[in-house]
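K.L.:
Before anything else, here's the structure in question.
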Amino acid sequence: MQLERQENGSGLSSGLITARNLCKRFTNGGDSIDILKNLNFNLSAGETIAIVGASGIGKSTLLHIIGTLDRPDSGQLLFKGENVFLYDDLTLARFRNKSVGFVFQFHHLLPEFNAVENTMMPALIGGVSKRDAIQTAEDLLVRVGLKDRLLYRVGKLSGGEQQRVALARALVLKPAVLLADEPTGNLDESNSKHIHSLMIELNQEFSMTLVVVTHNSQLASFMSRRVTIADGKRTDLP
């Protein structure tokens, strides 16, 4: 895993994702807090990274910017060399739907729909035919161990099963990047271990870049590199 600066005069090395001088500030009651300050990094295809550390240091903020859910105050985020924050909101939404998958602590599934319907939704939004979307969703749900739960409404599924549906949904368009924000924070130890292993297996199968924000030391240990944010900048950890 390489999340690093190119030590030469050309600046950052090229990769799947490159951040240049990302800055993000929040204002609360008239006080301004610099969460990210000229943060730089480079991520290559297929790499895995854990972003760890105390609450409030900017872990989720950074993840949301990488996923283009939030825009930085300044700086660039390059995807295959193209600055995605130059896109208008509609183009950026289309890019995000196609290229980035998300898994959160709370699965954000739609309770009125079953596992297949939840999983296929990003594909339908992305213009995939209903027939192909259903087939891909079913294949992914079988892959994550839910062969016998395809038509179950999510309210009938356990917490671990719901998170597996969320993982399948995140991968239905085979994104280049999977971003996970405390993906096992709401699960028991057994289900957490299953999700940990599953994400690593799928990272290898799909050759996707995997970025995880976590307080779980075991999950972090599975990643190729661990980093935290100190004083708004990246710090690599052993």
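Residue numbers (numbering that gives the first Met the number 0): 0 to 237.
By construction, the Cβ of each residue, glycine as well, lies at the ideal position given by its N, Cα and C atoms.
These figures come from a predicted structure and were not determined experimentally.
1) By alpha-carbon positions, which one of Gly-66, Phe-105, Gln-161 ends up nearest to Arg-93?
2) In whole angstroms, what separates the C-alpha of Phe-84 from that of Val-171?
3) Cutting at 6 Å between CB atoms, please list the residues of its own chain near Asn-20, excluding the five before and the five after it.
4) For the ligand ZN, is there any heavy atom lying closer than 7 Å to the beta carbon of Arg-168?
5) Quick one, which of Phe-105, Gly-125, His-63, Asn-117 has its alpha-carbon nearest Val-90's?
6) Using CA atoms only, rank isn't needed, just tell me which of Phe-105, Ala-165, Glu-204, Ile-199 is closest to Ser-220.
7) To which residues does DSSP link Ile-124 through a beta bridge?
8) Is it buried or exposed, Pro-110, if we count other Cβ atoms within 10 angstroms and call 16 or more buried?
9) Run through DSSP, which three-state label would Ser-43 get?
10) Report the start-end ranges of each alpha helix (DSSP H) in the segment 18–68 that is 4 residues or longer and not cut off at the edges.
11) Could you tell me whether the segment 57–65 touches the segment 127–147, where touching means 3 or more Cβ pairs closer than 8 Å?
12) Less than 8 Å between C-beta atoms, sequence neighbours within five positions excluded: which residues of the same chain meet that for Ile-32?
13) Please report the residue range of the alpha helix (DSSP H) in which Gly-159 lies.
P.N.:
Checking against the coordinates, here is how it stands:
1) Stepping through the sequence shown from its first residue, residue 93 is reached at position 94. The option with the nearest alpha carbon to Arg-93 is Gly-66.
2) What you label residue 84 is simply residue 85 of the sequence shown in a count that begins at 1. What you label residue 171 is simply residue 172 of the sequence shown in a count that begins at 1. C-alpha separation (whole angstroms): 24 Å.
3) Taking the sequence shown and counting its residues from 1, one reaches residue 20 at position 21. For Asn-20, where only same-chain residues beyond five positions count, the Cβ hits under 6 Å are Asn-37, Gly-74.
4) Only the bare structure without any ligand can be found here, which leaves the ligand ZN out of the picture.
5) Position 91 of the sequence shown, counted from the first residue, corresponds to residue 90. Strictly speaking, residue 90 in this sequence is Thr, with Val absent from that position. Closest option to Thr-90, Cα to Cα, is Gly-125.
6) Counted from its first residue, the sequence shown places residue 220 at position 221. It is Ile-199 whose Cα lies nearest to the Cα of Ser-220.
7) What you label residue 124 is simply residue 125 of the sequence shown in a count that begins at 1. In the DSSP output, where bridge partners are listed per residue, Ile-124 has none listed.
8) By 1-based counting over the sequence shown, the position of residue 110 is 111. Classification for Pro-110: exposed.
9) The sequence position of residue 43 within the sequence shown is 44, counting from 1. Ser-43: coil per DSSP, three-state reduction.
10) 58–65
11) The segment 57–65 makes no contact with the segment 127–147; the number of CB pairs closer than 8 Å stays below 3.
12) Residue numbering aside, residue 32 sits at position 33 when the sequence shown is read from its first letter. Hits under 8 Å: Arg-24, Phe-25, Thr-26.
13) On the sequence shown, position 160 is the one that residue 159 refers to. Residues 158–170.
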